[in-house]
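Working notes, structure below.
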Amino acid sequence: MSKQINQYDKIFKENIEAVIPSLMQNVLGITAVLSEELPDDIQHTKERKPDVLKKITDNQGITFILQIEFQVADEPKMIYRMAEYYIMLERKYELPIEQFVIFLGSPKPHMPTQLNRKCLKFNFSLISFDSLDYHVFLKSTYPEEIVLSILADFQGEDPENALQQIIHRIEETTSGDFALDISISCVSWLNYVTYN
Numbered sequence: 091m092s093k094q095i096n097q098y099d100k101i102f103k104e105n106i107e108a109v110i111p112s113l114m115q116n117v118l119g120i121t122a123v124l125s126e127e128l129p130d131d132i133q134h135t136k137e138r139k140p141d142v143l144k145k146i147t148d149n150q151g152i153t154f155i156l157q158i159e160f161q162v163a164d165e166p167k168m169i170y171r172m173a174e175y176y177i178m179l180e181r182k183y184e185l186p187i188e189q190f191v192i193f194l195g196s197p198k199p200h201m202p203t204q205l206n207r208k209c210l211k212f213n214f215s216l217i218s219f220d221s222l223d224y225h226v227f228l229k230s231t232y233p234e235e236i237v238l239s240i241l242a243d244f245q246g247e248d249p250e251n252a253l254q255q256i257i258h259r260i261e262e263t264t265s266g267d268f269a270l271d272i273s274i275s276c277v278s279w280l281n282y283v284t285y286n
């Protein structure tokens, strides 16, 4: 399972920029009207490189820093990493910070998302991809977004039927090597789900 998830995590990260608008709108509930790329190296005594770092102005006119981390392993110390990011980003940009960890692994993560100490209270939002309805991504017209359906919840649908729908939508929205590569990955995933 870990090898399969890593394969889809790699596909996911290779197409990350194309899917960020959909993730913000459909998963994080952010309607951005302005998005500005920020340098993703944060350094203050130690260097951290977030997976996604953007300055966002949403449809309510609120400007904030958006940080997204993609995680495959259930990392028990993720809370400290996110807290470090938060302080560094707050210090550098002096804007509100919105942080999300999107978990791509399985089973559901148990990592702590809150830190409650006498002088520090902190939390971040954790979204497990396999709890999201795969139809959210299946209805997209962009193959990079459709591919995310593989990692989402099939909502009780037979895995073979769901994967056939995903392959069909990818073939409808693209051509050439990308469609072939994704179709092969979907078939590989289908075989894994069917026989394990």
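If you count the sequence shown from 1, you need to add 90 to reach our numbering. Where a beta carbon is used, it is the ideal one built from N, C-alpha and C, also for glycine.
Query raised in the report: What are the uninterrupted segments assigned as alpha helix (DSSP H) that are 4 or more residues long and contained completely in the stretch 135-200, given in chain order?
Result: Whole alpha helix (DSSP H) segments, 4+ residues: 168-183.
**Report entry** Same chain, Cβ closer than 7 angstroms to Leu222, five either side skipped, listed in chain order
**Finding:** Mapped onto the sequence shown, residue 222 falls at position 132. For Leu222, where only same-chain residues beyond five positions count, the Cβ hits under 7 angstroms are Val117, Ala242 and Asp243.
Query raised in the report: Once you ignore the five residues that flank Gln161 on each side, which residues in its own chain have a CB closer than 6 angstroms to its CB?
Result: Working through the sequence shown from its first residue, we reach residue 161 at position 71. Cβ neighbours of Gln161 beyond the five flanking positions: Val191 and Phe193.
Query raised in the report: Which of the three DSSP states, helix, strand or coil, is assigned to Leu210?
Result: The residue given as residue 210 occupies position 120 in the sequence shown. The three-state secondary structure of Leu210, taken from DSSP, is coil.
Query raised in the report: Whose C-alpha, out of Gly119, Ile155 and Ala108, is nearest the C-alpha of Leu128?
Result: By one-based count along the sequence shown, residue 128 stands at place 38. When each option's Cα is compared against that of Leu128, the closest is Ile155.
Query raised in the report: In whole angstroms, what is the alpha-carbon distance linking Met201 and Pro166?
Result: Your numbering for residue 201 matches position 111 in the sequence shown. Your numbering for residue 166 matches position 76 in the sequence shown. Distance between the alpha carbons of Met201 and Pro166 is about 5 angstroms.
Query - Classification of Asn286 by the beta-carbon crowding that lies within 10 angstroms, buried from 16 upward - result: The sequence position of residue 286 within the sequence shown is 196, counting from 1. Residue confidence for Asn286 is low, a pLDDT of 48 falling below 50, so the modelled location carries little weight; the figure read from the coordinates is stated next. Label assigned to Asn286: exposed.
Report task. With distances taken Cα to Cα, identify the nearest neighbour of Ala108 among Ile152, Asp164, Val237 and Lys211. Result -> By 1-based counting over the sequence shown, the position of residue 108 is 18. Of the candidates Ile152, Asp164, Val237 and Lys211, the residue whose Cα lies closest to the Cα of Ala108 is Val237.
Query - Bridge partners - Leu124, DSSP secondary structure assignment - result: Here residue 124 refers to the residue found at position 34 when the sequence shown is read from its first residue. For Leu124, which the question treats as bridged, DSSP gives the partners Thr147.
Query raised in the report: Around the C-beta of Gln157, are 16 or more other C-beta atoms found within 10 angstroms, so that it is buried, or is it exposed?
Result: Position 67 of the sequence shown, counted from the first residue, corresponds to residue 157. Buried.
Requested in this report: Go through its chain and collect everything with a Cβ distance to Phe212's Cβ below 6 angstroms, but skip five positions before and after it.
Outcome: As a working mapping, residue 212 is identified with position 122 in the sequence shown. So the qualifying residues of the chain are Ala173 and Leu205.
Report task. Put Asp220 into one of helix, strand or coil per three-state DSSP. Result -> To locate residue 220, count along the sequence shown from 1; it is residue 130. DSSP, reduced to helix, strand and coil, places Asp220 within a helical segment of the structure shown.
**Report entry** Exposure of Pro287, with buried meaning 16 or more beta-carbon neighbours within 10 Å
**Finding:** One cannot answer for residue 287 here, as it falls past the ends of the chain, which runs 91 to 286.
Query - Cβ neighbour criterion (16 or more within 10 Å) applied to Tyr170 - result: Taking the sequence shown and counting its residues from 1, the one referred to as residue 170 is at position 80. Around the C-beta of Tyr170, fewer than 16 other C-beta atoms lie within 10 Å, and the residue is accordingly described as exposed.
Query raised in the report: Nearest to Asn149 by alpha carbon, out of Gln115, His225 and Ile177?
Result: Translated into positions along the sequence shown, residue 149 becomes position 59. Cα-wise, what sits closest to Asn149 is Gln115.
Query - Alpha carbon of Glu235 to alpha carbon of Lys208, nearest angstrom - result: Numbered from its first residue, the sequence shown carries residue 235 at position 145. Numbered from its first residue, the sequence shown carries residue 208 at position 118. Put simply, the backbone Cα of Glu235 is about 42 angstroms away from that of Lys208.
Report task. With DSSP collapsed to three states, give me the class of Glu262. Result -> The residue you call residue 262 lines up with position 172 of the sequence shown. Helix at Glu262.
Query raised in the report: Quick one, are the C-beta atoms of Glu159 and Pro186 less than 9 angstroms apart?
Result: For the purposes of this step, residue 159 is taken as the residue at position 69 of the sequence shown. For the purposes of this step, residue 186 is taken as the residue at position 96 of the sequence shown. No. Outside cutoff.
Query raised in the report: Rounded C-beta distance between Tyr175 and Arg138? I'm assuming under 8 angstroms.
Result: If you number the sequence shown from 1, residue 175 lands on position 85. If you number the sequence shown from 1, residue 138 lands on position 48. The Cβ separation is near 6 angstroms, so the contact holds.
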